[in-house]
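Protein chains in written order, with the working numbering: chain A, 1 to 320; chain B, 1001 to 1320. Every residue gets a Cβ at the ideal spot worked out from N, C-alpha and C, and that includes glycine.
Number of protein chains: 2
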Amino acid sequence: MHTIDELQKRGQMIDKIVDQLLPITRPKELYLASRHLMDVGGKRLRPAMLILAAESVNGDINKVLPAAFSIELVHTFTLIHDDIMDQDTIRRGAPAVHVKWGLPAAILAGDTLYSKAFEILGSVDADSNRIVQCLKVLANTCADICEGQWLDMTFVRSAEVSEADYMEMVEKKTAVLFAASTLIGGILSGCTEEEADALWEVGRTTGLGFQIRDDVLDLLTPKERLGKNRGSDLIEGKKTLIAIHALKKGVELEHLTRGASEEEIDAVVQKLHESGSIDYAMKKAHQLVREGKAKLEILPDSRAKELLKELAEYMVTRTY
Amino acid sequence: MHTIDELQKRGQMIDKIVDQLLPITRPKELYLASRHLMDVGGKRLRPAMLILAAESVNGDINKVLPAAFSIELVHTFTLIHDDIMDQDTIRRGAPAVHVKWGLPAAILAGDTLYSKAFEILGSVDADSNRIVQCLKVLANTCADICEGQWLDMTFVRSAEVSEADYMEMVEKKTAVLFAASTLIGGILSGCTEEEADALWEVGRTTGLGFQIRDDVLDLLTPKERLGKNRGSDLIEGKKTLIAIHALKKGVELEHLTRGASEEEIDAVVQKLHESGSIDYAMKKAHQLVREGKAKLEILPDSRAKELLKELAEYMVTRTY
């Protein structure tokens, strides 16, 4: 099976337990709003990585499935709240939760998913010591995500954002949730401390690569395929690695406004190609993924280990 | 010592550990926004109940202090998000977080406290089985709070809200966090299941009484003492027990708008006195507290047990 098929296979395991672990109960509209983004799509990358991490240390897939689901809930919660903060209106090709249900409902839908994530992770079938470890990893990760989102927002208003600042922001905003996924998959499967460190690192570097690739895709992928408006980072003035590189090279980036035309976006993208900024970012993403894959070498050889490597590679080569 | 002094003594234990458990670290403004409401005031009622519950089953106060702190974090998180949803601008006599830092910052400040609550509760010095139990209680409680807030918001737009609907809403929105406080205090102190049930019930009924009293105080207490605008429930069209009773009696409640004068508010309050609606609500609050206190009888006699009863009484007699 190809990487994508293996990924989908594990993603579908998550889809199958949505109704069981997050049923549409009373108040119905709250749960509809909470589930909206999960129901309209998503690649389930983080749960797939958690499951693969478990497999790579001989874990039982069925036992870690609820934990994988809880990671997807945390991811979805951050999307719902981020869309409010960034005033993004489309997500996964559908209206954002705050657009469809309004601001108060979107705040609550996110908060609900957050609670459910901890509830479900707290109920996995594992030794209590390991569950406590996982809950602390997840809580810590959520605090990091908040800090990362805060940095991302404040960087927009700052002219002095360095590559190191960007890497710190992306580590917190995106990478730690991937790292938590692989780590939790390992911990619940009884992995050793050495294996746990390796799994954290592969998750972290894959997450970093994923986000850098995401920044690139935001520039290059048509709206229909991206599931959200192209060029949103440019419009919001986000300090991506690409933008930081370009600014350092003295490239003048036009300030695009919401509703900028395809041609206007293309003109800026052309400049970013010419300055080598997009290439620069992609090289960095590939380098990170290489580092992560190397960390995996301490694990016993297995199909899951290979798939973790392939998945890491996929994160930085995917086209949407 | 009087009840209030005993309450303050335990509240101060919480104030003393704020800097240690929630330091102002980078990004500084995020943590300032997160701590704002804790720094400007608050009676620490829930932490005090958690500590008293622990004492009542011979627990070690120092061991449960971080858990008590985490409950206060959850409470503060709900205040921050609720103020956004309800468009309330003043809280504890200070500007609401979304007023002082803006909407995106307020969402994130709440999310940060939420994460920290689980992080801190996950790190208490106790047996892992009991920690997992407590984390599940807290997660479950947070989901209930979201459902309760949702019901509270949707009831505003509904003409058909019964007393049973109100009790369900208040149970979720307010009472379960009090119940979680007393229960967690007990669990972490190694209480029996029977004691756990009693502690949950006294927390729950005290919380119900507290909220009903809160609805009354919203009508009667001057802004300066209340720390927020008087009559906000009337202005927002909240379906309090008082409003439901009045509507059933056929009382016509004028629709007050933001910025309603003291005289306009007083005129409505006068009607609610005349219809017996305020008395009705207070009787219900007292009855609930009586039920809760009776549940405590299975606990061994102690000063803490007496204080839990006195605190329950205080919740429904307090004037702000």
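Rounded to the nearest angstrom, what separates residue i and residue j at their Cα positions?
i         : j         : result
Arg1213/B : Val1124/B : 33 Å
Ile1080/B : Pro27/A   : 22 Å
Leu1217/B : Ala1175/B : 17 Å
Ala126/A  : Val137/A  : 16 Å
Glu1254/B : Val1268/B : 7 Å
Arg1204/B : Tyr31/A   : 25 Å
Ala68/A   : Ile1051/B : 35 Å
Glu262/A  : Val74/A   : 33 Å
Ile1014/B : Ile1004/B : 15 Å
Ala53/A   : Cys134/A  : 14 Å
Glu194/A  : Glu1194/B : 43 Å
Leu1226/B : Asp1083/B : 15 Å
Ser1128/B : Lys238/A  : 42 Å
Arg1010/B : Ile1017/B : 12 Å
Glu1168/B : Glu171/A  : 42 Å
Ala106/A  : Gln287/A  : 37 Å
Glu1274/B : Arg1130/B : 50 Å
Phe1155/B : Leu1241/B : 12 Å
Glu313/A  : Glu291/A  : 11 Å
Gln149/A  : Phe1077/B : 17 Å
Thr25/A   : Asp279/A  : 48 Å
Ser1277/B : Gly1250/B : 11 Å
Thr1141/B : Ala246/A  : 48 Å
Leu65/A   : Ile1120/B : 26 Å
Cys191/A  : Asp19/A   : 30 Å
Lys1228/B : Pro104/A  : 20 Å
For the putative contact between residue i and residue j, defined by C-beta atoms under 8 Å, what is the C-beta separation to the nearest angstrom?
i         : j         : result
Met1153/B : Met1085/B : 6 Å
Val57/A   : Leu299/A  : 7 Å
Glu6/A    : Arg46/A   : Contact flag wrong, Cβ pair sits at about 15 Å.
Leu188/A  : Gly59/A   : 7 Å
Ala285/A  : Gly209/A  : 4 Å
Val161/A  : Leu296/A  : Contact doesn't hold; Cβ gap of about 32 Å is too wide.
Leu1272/B : Ile1265/B : About 11 Å separates the two Cβ atoms, so there is no contact after all.
Thr1221/B : Thr1319/B : 7 Å
Thr1112/B : Ala143/A  : 6 Å
Leu177/A  : Lys116/A  : Not confirmed; about 16 Å, so no contact.
Val1097/B : His1002/B : Between His1002/B and Val1097/B the Cβ distance is about 33 Å, and since that is not below 8 Å, they are no contact.
At a CB-CB cut-off below 8 Å, which residues of chain B make contact with residue i?
i        : result
Gly122/A : Val1132, Leu1135, Lys1136 and Ala1139
Thr154/A : Pro1027 and Glu1029
Chain B beta carbons: is any one of them nearer than 8 Å to that of residue i?
i        : result
Gln66/A  : The amino acid at residue 66/A is misidentified as Gln; the sequence shows Pro. Cβ-Cβ to chain B under 8 Å: no for Pro66/A.
Tyr166/A : no
Ser181/A : no
Ser162/A : no
What residues from chain B crowd round residue i, counting only those whose CB sits closer than 7 Å?
i        : result
Leu151/A : Pro1027
Are the C-beta of residue i and some C-beta of chain A separated by less than 8 Å?
i         : result
Ala1143/B : yes
Glu1147/B : yes
Ser1128/B : yes
Taking 7 Å as the cut-off, is the C-beta of residue i nearer than that to any heavy atom in the ligand ATP?
i        : result
Val251/A : This structure lacks the ligand ATP; in fact it carries no ligand of any kind.
Quiz item: What residues from the stretch 187-212 of chain A come within 8 Å of chain B, judged by C-beta to C-beta, listed N to C?
Solution: none
Self-check item: Where the stretch 94-124 of chain A meets chain B: residues whose CB sits under 7 Å from a CB there
Solution: Pro104, Ile107, Leu108, Asp111, Thr112, Tyr114, Ser115, Lys116, Phe118, Glu119, Gly122 and Ser123
Self-check item: Proximal residues, the stretch 1075-1089 of chain B versus chain A, C-beta separation under 7 Å
Solution: His1081, Ile1084 and Met1085
Quiz prompt | Members of the stretch 1028-1055 of chain B that neighbour chain A once the beta carbon cut-off is set at 8 Å | solution = Glu1029 and Leu1030
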